[in-house]
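Remarks on the structure that follows.
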Amino acid sequence: MSSNYSVTLKGPAPWGFRLQGGKEFSMPLTISKLTDGGKAAKGGIAVGDMVLSIGGIATEAMNHLEAQNKIKSCTGNLSLTLARHPLCPSRVPRRHVVDTDIHFYHVPSHADASRKRITEDTEDWRPRSGTTQSRSFRILAQITGTEQRPSVQANKTTTRLVIGPKYNELRDWHHGVSARALNVQ
Numbered sequence: 003m004s005s006n007y008s009v010t011l012k013g014p015a016p017w018g019f020r021l022q023g024g025k026e027f028s029m030p031l032t033i034s035k036l037t038d039g040g041k042a043a044k045g046g047i048a049v050g051d052m053v054l055s056i057g058g059i060a061t062e063a064m065n066h067l068e069a070q071n072k073i074k075s076c077t078g079n080l081s082l083t084l085a086r087h088p089l090c091p092s093r094v095p096r097r098h099v100v101d102t103d104i105h106f107y108h109v110p111s112h113a114d115a116s117r118k119r120i121t122e123d124t125e126d127w128r129p130r131s132g133t134t135q136s137r138s139f140r141i142l143a144q145i146t147g148t149e150q151r152p153s154v155q156a157n158k159t160t161t162r163l164v165i166g167p168k169y170n171e172l173r174d175w176h177h178g179v180s181a182r183a184l185n186v187q
């Protein structure tokens, strides 16, 4: 169950809050962020509150952009009707992350292993010099049958392209899709 309340913020903008949701997301418009010391925070608005109306106009049929534009068009005062979910404490000041007591957080013993795995996974995204391939590109080449295999001939290394049957299948499919898209069949 929620409790509705109305707030009139004195203009002009900035109002000190950020919205999320809207009709296109199949979510009600809600307050997702407050600016510390901003007009919305001083007016008693809380993160998680649902915006029921903006300037007297119901928001249930508004998409996100329409709601933003309605708020931006308020050059004087901004009147909002909101609903506070009972789980949202009213007028309780928000704590910054830096204000929290970090002694309550458990540091997992596998942190080093996780960090190493993340580092290995991001190796693919580092810039490469020369003609080296990323691991993901090599895997893709193996899947499509287009992997390049080095061959050594009398102190000379060359690379030859090995084309497998999967490559031909993908090539033919791509050509067909391109032809239909360009209407040149």
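Residue numbers (this note's numbering): 3 to 187.
The beta carbon of each residue, even a glycine, is placed where N, CA and C say it ideally should be.
As the structure is a computational prediction, the values presented were derived from the model and not from experiment.
When secondary structure is reduced to three states using DSSP, N185 falls in the coil class, being assigned neither helix nor strand.
C76 and R173 have their C-alpha atoms roughly 56 Å apart.
Below 8 Å, too few C-beta pairs join the segment 58-65 and the segment 40-49 to call them touching: fewer than three. Judged by DSSP secondary structure, K25 falls outside any alpha helix (DSSP H); it is assigned neither H nor E.
K35: member of the beta strand (DSSP E) spanning 29-36, first to last residue. The three-state secondary structure of S8, taken from DSSP, is strand. In the DSSP annotation of this structure, the continuous segment of the alpha helix (DSSP H) that includes S138 starts and ends at 137-146. For F139, the number of other beta carbons within 10 angstroms of its own is below 16, and it is reported as exposed. Ranking K25, M52, F27 by CA distance to the CA of K35 puts M52 first.
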